[in-house]
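Undergrad:
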Ligand SMILES: [Zn+2]
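In the numbering used here, the protein residues as written are 54 to 198.
Rendered as structure tokens:
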């Protein structure tokens with residue numbers, strides 16, 4: 054997760070107003086892909102990482118992502134659905150649940166319903182120190198993703 058946090062720092066400032074998210078995918082031994090949030094309408098962190106292993110076969114992948122994958126289709130397709138539909142990914146570690154009311158647990162539901170093992174809260178303090186200032190607050194207008 055700390056590697057995902059490191060990735061997420063690369064997202065600034067292009068990702069704004071979307072939050073800077075980082076993602077790392079590992080097989081049994083190694084990091085096989087990494088990604089971060091690109092400019093609005095471009096790759097989210099999860100999609101950014103997945104494109105690097107698009108055509109590769111793996112038996113069991115784990116994904117580490119600093120923020121709950123998005124459940125809704127905004128300017129980009131839902132990351133939670135993309136992960137749910139990827140049979141190579143069996144476990145997802147999410148550091149922080151997305152407070153944006155368009156997501157807020159719905160991304161996790163999509164993953165769980167697809168039979169994925171979902172773990173919440175890994176490195177939440179470290180990730181939160183960086184990420185919290187960029188997350189949705191009720192006073193904001195909902196921004197396009
Ligand atoms: Zn997304």
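Beta carbons: idealized from backbone N, C-alpha and C, even for Gly.
Quick caveat: nothing in here was measured; it's all calculated off a predicted structure.
1. Measuring alpha carbon to alpha carbon, tell me which of 129, 158 and 142 ends up nearest residue 148.
2. Smallest Cα separation from residue 84: which of 76, 186 and 154?
3. Sorry if obvious, but does the Cβ on residue 107 come closer than 7 Å to a heavy atom of ligand 1?
4. Should residue 67 be flagged as near chain D, meaning a C-beta pair shorter than 8 Å?
5. Considering only residues of the same chain and omitting the five flanking positions on each side of residue 153, which have a CB-CB separation below 7 Å?
6. Put residue 207 into one of helix, strand or coil per three-state DSSP.
7. What are the complete alpha helix (DSSP H) segments, minimum 4 residues, inside the region 93–176?
TA: With the structure as the only source:
1. Residue 148 sits at position 95 when you count from the first residue of the chain shown. Among 129, 158 and 142, the Cα nearest to that of residue 148 belongs to 158.
2. Numbered from 1 along the chain shown, position 31 holds the residue referred to as residue 84. Out of 76, 186 and 154, 76 has the C-alpha closest to the C-alpha of residue 84.
3. For the purposes of this step, residue 107 is identified with residue 54 of the chain shown, where counting begins at 1. No - ligand 1 has no heavy atom lying nearer than 7 Å to the Cβ of residue 107.
4. Here chain D cannot be found, since the structure has a single protein chain.
5. Within the chain shown, numbered from 1, the residue matching residue 153 stands at position 100. The residues are 189.
6. Because the chain spans 54 through 198 in this model, residue 207 falls outside it and cannot be assessed.
7. 98–104, 132–137 and 159–166
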